[in-house]
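Report on one structure; see the data block that follows.
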Amino acid sequence: MPEALEEWHRLDGSVKAPLKKLLAKRLDNPHVPGGELHGPLAGCYKIKLRQQGVRLVYSVEDDHLIVTVIAVDKREDGAVYESSLARISKLISQLKTGRGES
270 MPEALEEWHR
280 LDGSVKAPLK
290 KLLAKRLDNP
300 HVPGGELHGP
310 LAGCYKIKLR
320 QQGVRLVYSV
330 EDDHLIVTVI
340 AVDKREDGAV
350 YESSLARISK
360 LISQLKTGRG
370 ES
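Mind the numbering: the sequence shown is residues 270 to 371 in the numbering used here, read in order.
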């Protein structure tokens, strides 16, 4: 998702390095029960950096082991979860209308 890539590029190196390391570990086992999200984001997972207050939300396509990063943002006020939900909703809407990603 282009928005998530932009968020990634804006991250400080001190945040990006540990997230990258944790994301690489998740490729071996992306379905971590403690990282599973619920409610409208059920089926998605999170990686969290507690000290920095940053969350990375991702989804998994098991057929080809594709991990799609949906959002990377601060946890404050649920910003990362709100942007994740908005992006997923937009993607679903585009798929339903046959437009794909814009």
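Note that beta-carbon positions come from the ideal geometry of N, C-alpha and C, so glycine has one too.
Start and end residues, alpha helix (DSSP H) containing residue i
{"i": "V284", "result": "282-295"}
{"i": "A273", "result": "271-279"}
Residue interval of the beta strand (DSSP E) (run including residue i)
{"i": "V323", "result": "323-330"}
{"i": "L340", "result": "Before going further, note that residue 340 is Ala rather than Leu in the sequence given. Residues 335-343."}
Secondary structure of residue i, DSSP reduced to three states
{"i": "L318", "result": "strand"}
{"i": "A355", "result": "helix"}
Neighbourhood of residue i by C-beta, 6 Å cutoff - its chain only, sequence neighbours within 5 removed
{"i": "S371", "result": "Because the pLDDT of S371 is 48, which lies under 50, any placement of that residue in the model is unreliable, and the number read from its coordinates should be weighed accordingly. So no residue of the chain qualifies."}
{"i": "P299", "result": "V329, V336"}
{"i": "K317", "result": "R324"}
Proximal residues to residue i (C-beta, below 7 Å), its chain only, five neighbours per side dropped
{"i": "E276", "result": "A340, V341, D342"}
Would the segment 289-300 count as touching the segment 332-339 if we require 3 or more Cβ pairs under 8 Å? yes
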